[in-house]
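For reference, the structure is listed below as C-alpha cells.
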Amino acid sequence: MLFNKMTDKRLTNSFKSYVGFDDEPFNTSNEESFSELNTRCLPGEMAIAEAEHVLMFSPVSEHKQGKSGSLIVTNFKLSFVTTEEYTKHEMFCQENLLLGEHDVCLSNVDALYLMGDKKRRLLPGKNMSEKVKGLIVVCKNMKVMTFSFKFSPVGHGRNLTNALLHHAFPKRHQLLFAYDFREPYYRCPMDVCMYQDPGEWGRELARTGAVGWRLTAVNKEFKMSSSLPEWLVVPSSATDPQLLEAARHFRGGRPPLWCWSSPRGAALVRMSDIQPFIADRVKENTMLETVRKSHPRLAQPKVMELNKDVPTPREVQVSFVKLRELCAPENVRQFWIQDSHFLSLLEGSRWLHNVSVCLAKAKEASMGLHNEFTVVLQEGDGYDMCCVVASLSQMLIDPYFRSIVGFQSLVQKEWVALGHPFCTRLGHVYNIETQEAPV
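Right, dumping it as C-alpha cells:
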C-alpha cells in the first residue's frame, strides 16, 4: 500500500488521560477516522506494516497521557499519525520534507523493548510470535517513543514489531532506503572543497601556503588503503614505493598524511598506530623523519598519542548510553531519583569529561602549530578521535574553517575524504561485532 500524502483533516476521536484506561473500553465508534490516517511519503517509499488505535504516551507520564492514532512502518521511517489537533507546543516543533514531528527514520532506531512488568529488549532479525501489548522505541538521538497496542486489532502490534525488527536493522548496505531511492548526484558550489580530485587538494595546499608537501596518487584504485582517498598529500621527501612499503606497518594502511599548514610551514598531520603484531617502530620513525624534513627549519615534530588521553570509541559509546539514560527517564519515579543528584550522575557519565579532553587536546595541537611546530596526531586506526581533534584544532587556528563554506570543506576533508567509518559508528548496517559510537 503506497501512501502519497498526509491527510490534513483533523479528527475528534482522541484521548487526553488514561487514568484507569485498562478497565475502560476505548471509543472506536468512528472506525473511518483511522482508515483516513495516512503518512506523507517520499518517491519510492511504501507502507510495510500498520497498526490502528495505537496510543503514544507522553514522556514521563506514567502511561496516563498522550495521543491516539495510527502507527505505520515504511521502508524509510516509523511514523505515528495522530487523530488529534496539534498542541501549541507542537505547532512550533521543527519539521522537514523528510520527517514530521512524530516520525523516526529507521536508521535512527537504536533499540526496541517490549512493554510489561519488566521491559525486555528485542533482538534484531528475530520474529515475535507472542502478543505485543506495547513497544518502546529508543532512538540514537536520545528520543524515546512509547506505544500501546491495547486497543489495536489482534495481530497489529505483533506485525508492526516484526516489521521494525526486520527493516530497522538491515545487514547489508543495499537494503538501506537511500541506496535505491537516492537523489541524483549534484556538485556542490565551487567554494566548497569535496577533496575528490587533485585540483581540490591543490587549491587547499595553495590556500594554506604549504611547503615541503606534495600531492600523490599512491592510493590509486585504493591499493594502499581502502579508507583513504586516491589522492593524498604526503611529505615531499617520501617516495611512493616508500609510502607503499611503510603503509603495511600502519593500521588500516594509514601512514602520516597532511591535513593543514600554517603560513610559516608548521603542519598538522594524521596517522594511525603501528600494527599490533609489529614489535619494532623502524618504519614509523622513518616516516616521522620525512615529516621533519618537510618543516622549513627541520624542526622535530610534536607527536600527540591520542590513545593515552582521548576516549576510545567504545568509551564514548558507554558514556553516551549513560547520558541518554539520564536525559530520558522511563517514569516519574526515576526522574525524581535522578533529579536529586543530577550533576553527580552527569559527571559519572563522563560525557563532559570526554568533551573536555577533546577540547584540551585541540588546544594543545593548535598551540603547537601557533608556535611553529609540526603536530602529528596518532590514534589506533586513525579515523575516529583524530577526526575530532584535527577538526577542532583547525577551527581554532584558521578563521576560514569558522565560516559556513569553510566548515563544510573541513567536514568533507577530515571526516568524509579521510575515511571516518560513518556506517559502522552510526550503526546504519547491523553487525553485532562492530563498535558503534557517536563520535
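Numbering (the UniProt record's numbering), first residue to last: 1 to 439. Don't be surprised by glycine CBs; every beta carbon is placed ideally from N, CA and C.
- Message: Relative to the C-alpha of K77, which candidate in A267, S58, L42 has its C-alpha closest?
- Response: Closest by alpha carbon: L42.
- Going by Cα to Cα distance, which pick from H167, D240, R264 is closest to P256? It is D240 whose Cα lies nearest to the Cα of P256.
- Is it a yes or a no for the region 232-246 touching the region 277-292, going by three-plus beta-carbon pairs under 8 angstroms? When Cβ pairs closer than 8 angstroms are counted between the two stretches, the region 232-246 is seen to touch the region 277-292, the count reaching three or more.
- Task: Assign H341 to one of three DSSP states: helix, strand, or coil.
- Result: Here H341 carries a coil assignment [DSSP, helix/strand/coil].
- Enclosing beta strand (DSSP E) for C327 [first to last residue]: Per DSSP, C327 belongs to no beta strand (DSSP E); it is in the alpha helix (DSSP H), 313-327.
- Message: Less than 8 angstroms between C-beta atoms, sequence neighbours within five positions excluded: which residues of the same chain meet that for V269?
- Response: P256, L257, W258, C259, V291, P301, T374, V375, V376, L377, listed in sequence order.
- Item | Cβ-Cβ separation, V81 to T39 (assumed contact under 8 angstroms), whole Å | About 5 angstroms; that satisfies the 8 angstroms criterion.
- Message: Considering Cα atoms alone, identify which of Q242, L99, T216 is closest to E230.
- Response: The option with the nearest alpha carbon to E230 is T216.
- With DSSP as the reference, please indicate the residues paired to V138 in a beta bridge. The partner list for V138 (beta bridge, DSSP) reads A111, V144.
- Query: If you count every other CB in all the chains shown that lies within 10 Å of the CB of G368, and 16 or more means buried, which is it?
  - Reply: A residue is called buried when at least 16 other Cβ atoms come within 10 angstroms of its Cβ; G368 meets this threshold and is buried.
- Message: Just to confirm my understanding: we take W201, look at its own chain, exclude 5 residues before and 5 after, and list those with CB closer than 7 angstroms. What are they?
- Response: Taken in chain order, the residues that qualify are Y195, L215, W231, V233.
- Task: Enumerate in chain order the residues of its own chain whose CB-to-CB distance from C327 is below 7 angstroms, with the five nearest sequence positions on each side excluded.
- Result: Around C327: M142.
- Give the straight-line distance between the Cα atoms of V408 and L205, rounded to the nearest whole angstrom. Contrary to the premise, residue 408 reads as Gln rather than Val in this sequence. Their backbone Cα atoms lie some 17 angstroms apart in a straight line.
- Item | C-alpha distance - P170 paired with A246, whole-angstrom precision | Approximately 37 angstroms, taken between the alpha carbons.
- Query: With 16 other CB atoms within 10 Å as the buried threshold, where does P313 fall?
  - Reply: Using a 10 angstroms sphere on the CB of P313, the tally of other CB atoms reaches 16 or more, which defines it as buried.
- Message: Taking its Cβ as the centre, do 16 or more other Cβ atoms sit within 10 Å of P296, making it buried, or is it exposed?
- Response: Burial call: exposed.
- Query: What is the DSSP secondary structure of A168, reduced to helix, strand or coil?
  - Reply: It is coil, neither helix nor strand.
- Endpoints, the beta strand (DSSP E) within which A246 is located: Boundaries around A246 are those of the alpha helix (DSSP H), 240-247, since no beta strand (DSSP E) includes it.
- Task: Could you tell me whether the region 164-181 touches the region 57-69, using the rule of 3 or more Cβ pairs below 8 angstroms?
- Result: In short, these stretches do not touch, since the Cβ pair count stays below three.
- Query: Can you tell me where the beta strand (DSSP E) with Q378 in it begins and where it stops?
  - Reply: Annotation for Q378: the continuous beta strand (DSSP E) segment containing it runs 375-379.
- Message: For V411 and V310, which I take to be in contact (beta-carbon distance under 8 angstroms), what is that distance rounded to the nearest angstrom?
- Response: Here V411 is actually not in contact with V310; their C-beta atoms are around 19 angstroms apart, not less than 8 angstroms.
- In or out: N431 buried (at least 16 other Cβ within 10 Å) or exposed? Its Cβ having fewer than 16 others within 10 Å, N431 is exposed.
- If E379 and D280 are in contact, beta carbons under 8 angstroms, what's the gap, nearest whole angstrom? Between the beta-carbon of E379 and that of D280 there is about 20 angstroms, and that puts the pair past the 8 angstroms contact cut.
- Item | Close-in-space but distant-in-sequence residues of the same chain around N331 (CB under 7 angstroms, 5 per side omitted) | Excluding sequence neighbours, N331 sits near V60, E62.
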